[in-house]
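Heads up, the thing below is written out as structure tokens.
There are 2 protein chains.
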Amino acid sequence: MGLLIEDDNDGGELLIPPANFSMVEDGVYRSGFPQLENFGFLSTLNLKSIIYLCPEPYPEENLKSLQSNNIKLFQFGIQGKTDPPTPMPKDTVLSALRVLVDVRNHPILIHCKQGKHRTGCLVGCLRKVQNWCLSSVLEEYQNCAGLKWRQRDLAFIEEFDVHGLRQCLYSIIYQYNGYGLKRRKLLYQEENLVVQEQHKPQATKGW
Amino acid sequence: MGLLIEDDNDGGELLIPPANFSMVEDGVYRSGFPQLENFGFLSTLNLKSIIYLCPEPYPEENLKSLQSNNIKLFQFGIQGKTDPPTPMPKDTVLSALRVLVDVRNHPILIHCKQGKHRTGCLVGCLRKVQNWCLSSVLEEYQNCAGLKWRQRDLAFIEEFDVHGLRQCLYSIIYQYNGYGLKRRKLLYQEENLVVQEQHKPQATKGW
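Residue numbers (UniProt numbering), protein chains in the order written: chain Z, 1 to 207; chain E, 1 to 207.
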């Protein structure tokens, strides 16, 4: 029997999620920068990886916590607020997205500093891969960014092209389900970190 | 291999989550009132139940969709905005909370009209059961309510006493783990829908 509380939590210890924490999908979480007081809460998530979206080095005590919990750090250095604004780098977001959609990295936490703009853009792109309608994607971005939402982030999410990545993901699924040769050819034409282990041809199962 | 997209979604059909949709926990979702155009998206959640927090009857087409998908409806009629404001009914929220923490009802969607106030209060109470610190509980409520957040909802969440429910849940877990007689007595003293099937005494396993 499962319950929504932890067996070993005796009700005495308060759990302190990082600022702006929320759940995105099964095994995918987002938040602002985790502080020391959040480590107890984070340990309840059994994280396998973290996607960190800032260029600044990861603090020593956070690194130690990752090491002792065997959590892998994927860092993608995206500039925060600058004057004039730096455009969100499409290729870097795409690389982060590839790590994010690979369930071998789950449970995974995405964070930047506030968990609003860089994190919001990456989650927005994930929603597009998932085929969410744009207005829902933007609503989610705005709910998490609050009053600090940025028009240029919305534009970035709207313009971000997930077609290549999505097609590639479908190719993997079709290959896995023995969908036949046509889709598999598509797979071989595309480069994608996620598919490295699926590149070997497999026998179709009867159809 | 699992991926974050649906196998049978060919990329052509847009998924339209209900307004203010988000994931609360594994198998727990929240949103505003689902409209006809959201049914396709909702079917991807494989819902087992819905907690509906308004007194108004459920619309016929929503009921039909529930029936055809074998989804159970738990309705708890809580008044929306009134003048003067009606206080949030503690007992009703507690009853809804009991349904919510019972994983036999998962995956479950909580909704009211906007998914902000009544839903926000119930989710806030769940977070208290989960031992989240109050500031994180209130931050989550505010992120989902946006500019329409209400001071009296925050006060309700803060004052809501989850001690009895939490103790009862722990009792079940301890009983399940063969924790001994002391906790089990506590269990028998409390009435709780969630524990109906666990009321039979069980042999302890060695300790």
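The beta carbon of each residue, even a glycine, is placed where N, CA and C say it ideally should be.
What residue range is occupied by the uninterrupted beta strand (DSSP E) comprising residue i?
{"i": "Gln114(E)", "result": "Looking at the DSSP string, Gln114(E) is not in any beta strand (DSSP E), and its letter there is neither H nor E."}
{"i": "Arg30(E)", "result": "28-31"}
{"i": "residue 210(E)", "result": "The displayed coordinates of chain E run from 1 to 207. Any statement about residue 210(E) would go beyond what the structure contains."}
{"i": "Ile50(Z)", "result": "49-52"}
{"i": "Leu36(Z)", "result": "Unbroken run through Leu36(Z): none, as it is neither H nor E."}
{"i": "Gln75(Z)", "result": "72-75"}
Quick one: give me the first and last residue of the alpha helix (DSSP H) that residue i is part of.
{"i": "Val137(E)", "result": "134-145"}
{"i": "Phe156(Z)", "result": "151-159"}
{"i": "Lys64(E)", "result": "60-68"}
{"i": "Lys90(E)", "result": "90-100"}
Give me the chain Z residues within the contact set of residue i, using Cβ-Cβ distance strictly less than 8 Å, ordered along the chain.
{"i": "Ser22(E)", "result": "Ser22, Met23, Glu140, Asn143"}
Taking just the CA atoms, how far does residue j sit from residue i?
{"i": "Leu157(E)", "j": "Gly124(E)", "result": "With the sequence shown as reference, residue 157(E) is identified as Ile, and Leu is not the correct amino acid for it. Roughly 6 Å separates the two Cα atoms."}
{"i": "Asp161(Z)", "j": "Tyr170(Z)", "result": "16 Å"}
{"i": "Gly62(Z)", "j": "Gln151(Z)", "result": "The amino acid at residue 62(Z) is misidentified as Gly; the sequence shows Asn. Going from the Cα of Asn62(Z) to the Cα of Gln151(Z) covers about 32 Å."}
{"i": "residue 215(E)", "j": "Asp102(Z)", "result": "Outside the shown range of chain E, which is 1 to 207, sits residue 215(E), and nothing can be said about it."}
{"i": "Lys113(E)", "j": "Ile78(E)", "result": "11 Å"}
{"i": "Lys116(Z)", "j": "Leu109(Z)", "result": "14 Å"}
{"i": "Ser65(Z)", "j": "Ile71(Z)", "result": "8 Å"}
{"i": "Leu100(Z)", "j": "His106(Z)", "result": "8 Å"}
{"i": "Phe21(E)", "j": "Tyr29(E)", "result": "7 Å"}
{"i": "Trp132(Z)", "j": "Glu159(Z)", "result": "14 Å"}
{"i": "Met23(Z)", "j": "Thr86(E)", "result": "31 Å"}
{"i": "Gln35(Z)", "j": "Tyr58(Z)", "result": "12 Å"}
{"i": "Gly27(Z)", "j": "Phe76(E)", "result": "30 Å"}
{"i": "Glu60(Z)", "j": "Asp153(E)", "result": "39 Å"}
{"i": "Leu97(E)", "j": "Thr119(Z)", "result": "31 Å"}
{"i": "Leu138(Z)", "j": "Leu14(E)", "result": "14 Å"}
{"i": "Cys121(E)", "j": "Leu53(E)", "result": "11 Å"}
{"i": "Ser49(E)", "j": "Met88(Z)", "result": "40 Å"}
{"i": "Ile172(Z)", "j": "Leu165(Z)", "result": "11 Å"}
{"i": "Trp149(E)", "j": "Gly80(E)", "result": "13 Å"}
{"i": "Arg127(Z)", "j": "Phe74(Z)", "result": "20 Å"}
{"i": "Leu181(E)", "j": "Gln67(E)", "result": "Residue placement at Leu181(E) is flagged as unreliable, the pLDDT there being 48, under the threshold of 50; a coordinate-derived value is accordingly withheld."}
{"i": "Leu42(Z)", "j": "Val129(E)", "result": "17 Å"}
{"i": "Ser95(Z)", "j": "Asn69(Z)", "result": "24 Å"}
{"i": "Gly146(E)", "j": "Pro55(E)", "result": "24 Å"}
{"i": "Ile16(E)", "j": "His111(E)", "result": "16 Å"}
{"i": "Cys168(E)", "j": "Ile51(Z)", "result": "38 Å"}
{"i": "Thr92(Z)", "j": "Leu47(E)", "result": "35 Å"}
{"i": "Gln142(E)", "j": "Pro84(E)", "result": "22 Å"}
{"i": "Thr44(E)", "j": "Thr44(Z)", "result": "27 Å"}
{"i": "Gly40(E)", "j": "Glu25(E)", "result": "21 Å"}
{"i": "Glu140(Z)", "j": "Glu140(E)", "result": "13 Å"}
What do you get for residue i, buried or exposed, if any count of 16 or more other CB atoms within 10 angstroms of its CB means buried?
{"i": "Lys185(E)", "result": "Interpretation of Lys185(E) is limited by its pLDDT of 44, a score under 50 that renders its predicted location unreliable; no figure is taken from the coordinates."}
{"i": "Thr82(Z)", "result": "exposed"}
{"i": "Pro18(E)", "result": "buried"}
{"i": "residue 236(Z)", "result": "Because chain Z is modelled from 1 through 207, residue 236(Z) falls outside the range shown and cannot be assessed."}
{"i": "His155(Z)", "result": "According to the sequence shown, residue 155(Z) is Ala rather than His. The residue in question, Ala155(Z), is exposed, as its Cβ has fewer than 16 Cβ neighbours within 10 Å."}
{"i": "Gly32(E)", "result": "buried"}
{"i": "Lys90(Z)", "result": "exposed"}
{"i": "residue 214(Z)", "result": "Lying before the first or after the last residue shown, residue 214(Z) is absent from chain Z, which here runs from 1 to 207."}
{"i": "Ser135(E)", "result": "exposed"}
{"i": "His163(Z)", "result": "exposed"}
Quick one: list the residues of chain Z neighbouring residue i, beta-carbon separation under 9 Å, in chain order.
{"i": "Gly32(E)", "result": "Going along chain Z, no residue has its Cβ under 9 Å from Gly32(E), so there is no contact; the nearest lies around 10 Å."}
With a threshold of 7 Å between beta carbons, is residue i in contact with chain Z?
{"i": "Cys133(E)", "result": "yes"}
{"i": "residue 230(E)", "result": "With chain E represented from 1 up to 207, any question about residue 230(E) goes unanswered, as that position is not in the structure."}
{"i": "Asp91(E)", "result": "no"}
Does residue i come within less than 7 Å of chain E when only Cβ atoms are used?
{"i": "Ile51(Z)", "result": "no"}
{"i": "Ser136(Z)", "result": "yes"}
For a contact defined as C-beta to C-beta under 7 Å, what are the partners of residue i on chain Z?
{"i": "Leu14(E)", "result": "Asn131, Cys133"}
What does residue i reach in chain E if we use C-beta pairs closer than 7 Å?
{"i": "Asp26(Z)", "result": "Asp26"}
{"i": "Gly146(Z)", "result": "Asn143"}
Measuring from the CB of residue i, is there a heavy atom of the ligand NAP at a distance below 6 Å?
{"i": "Gly164(Z)", "result": "In terms of ligand content, the structure shown is empty, and the ligand NAP therefore cannot be addressed."}
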